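What follows is a single structure, written as structure tokens, with notes after it.
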Amino acid sequence: MRLLSGASASCLPSALPFLARARPRCVSRYSSASACRAASSSAAPVGDGGARKPWLFVGLGNPGKMYQRTRHNVGFEMIDAIAEAEGVSLSSMQFKAMVGKGRIGDVPIMLAKPQTFMNASGESVGQLVSYFKIPLNQVVVMYDDLDLPFAKLRLLPKGGHGGHNGMRSIINHLKQNRDFPRLRIGIGRPPGKMDPANFVLRPFTKKEQEELDFTFHRSLEAIRIMALEGFNKSATFVNTAQSSEMLNR
Numbered sequence: 013m014r015l016l017s018g019a020s021a022s023c024l025p026s027a028l029p030f031l032a033r034a035r036p037r038c039v040s041r042y043s044s045a046s047a048c049r050a051a052s053s054s055a056a057p058v059g060d061g062g063a064r065k066p067w068l069f070v071g072l073g074n075p076g077k078m079y080q081r082t083r084h085n086v087g088f089e090m091i092d093a094i095a096e097a098e099g100v101s102l103s104s105m106q107f108k109a110m111v112g113k114g115r116i117g118d119v120p121i122m123l124a125k126p127q128t129f130m131n132a133s134g135e136s137v138g139q140l141v142s143y144f145k146i147p148l149n150q151v152v153v154m155y156d157d158l159d160l161p162f163a164k165l166r167l168l169p170k171g172g173h174g175g176h177n178g179m180r181s182i183i184n185h186l187k188q189n190r191d192f193p194r195l196r197i198g199i200g201r202p203p204g205k206m207d208p209a210n211f212v213l214r215p216f217t218k219k220e221q222e223e224l225d226f227t228f229h230r231s232l233e234a235i236r237i238m239a240l241e242g243f244n245k246s247a248t249f250v251n252t253a254q255s256s257e258m259l260n261r
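Take the sequence shown: its letters are residues 13 to 261, numbered as in this note's numbering.
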């Protein structure tokens, strides 16, 4: 099943006509109880003095149709999945990013897809973090990782860029501060002697996309746990399961 684009992500049946008869209002394939709460009440302004600081979830990718559904854009797809599940509209352009605000339960969240192209992602993320005064431990960056097996996840509290140019740019624009969480989404290694730069721009096969959709479901659970119960519980949920899968191979 294909993800909705960020601009049309919604939990209303009108946005999902093929589900309108089969499912009740505020339900999508990425639905949760918090999605209905988010859709039925407008989120309080965030970033203002005295307001509770939101979690900022950033997905990395390249803008434009030619890059849609490619391996380098799994961060964008993850943001679209969260937006669809939680009833968040990515309808605002702020600091060179498509931005949407909403809630998971009673917790304010902000979703962002930088439109700067991958290698300049930090230009957008740095400005968002600075303007909204978001603590770095509440800035979660989601991106593709060549060093993880396909569709596998790894959630870490901090770290380096690992050769990923989008992460390199973000760290540079955060004044070399690496102390922010990141959700790495495995895309596997290129076959044979293929150049990794070409591999990351290849689209997924139908079978791969189906497997990736399952990964997005698991990632959504991790995001909800993080917002409602904290990073440590979310990391345990993600990383313990991944370790078990690797051992059972």
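By construction, the Cβ of each residue, glycine as well, lies at the ideal position given by its N, Cα and C atoms.
Computed from a predicted structure; not experimentally measured.
Residues in its own chain within less than 8 Å of residue i by CB, not counting five upstream and five downstream?
{"i": "V141", "result": "L68, L148, V151, L186"}
{"i": "T227", "result": "A163, K164, L165, I197"}
{"i": "Y79", "result": "G73, N85, L213"}
{"i": "Q188", "result": "none"}
{"i": "V100", "result": "A21, A50, I94, G112, K113, G114, I121, L123"}
{"i": "A239", "result": "W67, I116, G117, V119, I121"}
Shortest alpha-carbon distance to residue i belongs to which of the options?
{"i": "E233", "options": "E98, N184, G112", "result": "E98"}
{"i": "M90", "options": "R64, Q106, L123, F192", "result": "L123"}
{"i": "G134", "options": "R180, L240, Y155, D156", "result": "R180"}
{"i": "L168", "options": "A247, D159, R115", "result": "A247"}
{"i": "P66", "options": "G114, I121, V86, R83", "result": "I121"}
{"i": "S136", "options": "R201, R230, K108", "result": "K108"}
{"i": "F192", "options": "P215, I235, G171", "result": "G171"}
{"i": "E241", "options": "K77, T217, P161, D118", "result": "D118"}
{"i": "K77", "options": "P215, T252, S231", "result": "P215"}
Give me, in chain order, the residues of the same chain whose beta-carbon lies closer than 6 Å to that of residue i; leave out the 5 immediate sequence neighbours on both sides.
{"i": "I183", "result": "H173, R190"}
{"i": "G59", "result": "With a pLDDT of only 42 at G59, under 50, the local geometry of the prediction cannot be trusted, and the value read off the model is given with reservation. So the qualifying residues of the chain are F144."}
{"i": "L224", "result": "A163"}
{"i": "K245", "result": "I237"}
Taking C-beta to C-beta, are residue i and residue j nearer than 9 Å?
{"i": "G112", "j": "A95", "result": "yes"}
{"i": "I199", "j": "L158", "result": "yes"}
{"i": "M130", "j": "L72", "result": "yes"}
{"i": "Q139", "j": "M105", "result": "no"}
{"i": "V70", "j": "V153", "result": "yes"}
{"i": "Q221", "j": "R81", "result": "yes"}
{"i": "N210", "j": "P202", "result": "yes"}
With DSSP run on the structure shown, which of helix, strand or coil describes residue i?
{"i": "L165", "result": "strand"}
{"i": "P208", "result": "helix"}
{"i": "P57", "result": "Note that P57 scores a pLDDT of 37, beneath 50, so its modelled location is shaky and nothing firm can be said."}
What does DSSP give as the partner residues of residue i in its beta bridges?
{"i": "L195", "result": "M154, L167"}
{"i": "I121", "result": "W67, G114"}
{"i": "M105", "result": "M110"}
{"i": "T82", "result": "P215"}
{"i": "P75", "result": "P75 pairs with nothing; no bridge assigned."}
Within the same chain, show all residues whose beta-carbon is closer than 7 Å to that of residue i, passing over the 5 residues directly before and after it, in chain order.
{"i": "D156", "result": "R83, H84, V86, G87, I197, I199, V212"}
{"i": "P208", "result": "L158, P202"}
{"i": "G175", "result": "none"}
Using a Cβ cut-off of 9 Å (strictly closer), state whether residue i contacts chain B.
{"i": "V212", "result": "The structure shown contains no chain B; it holds only a single protein chain."}
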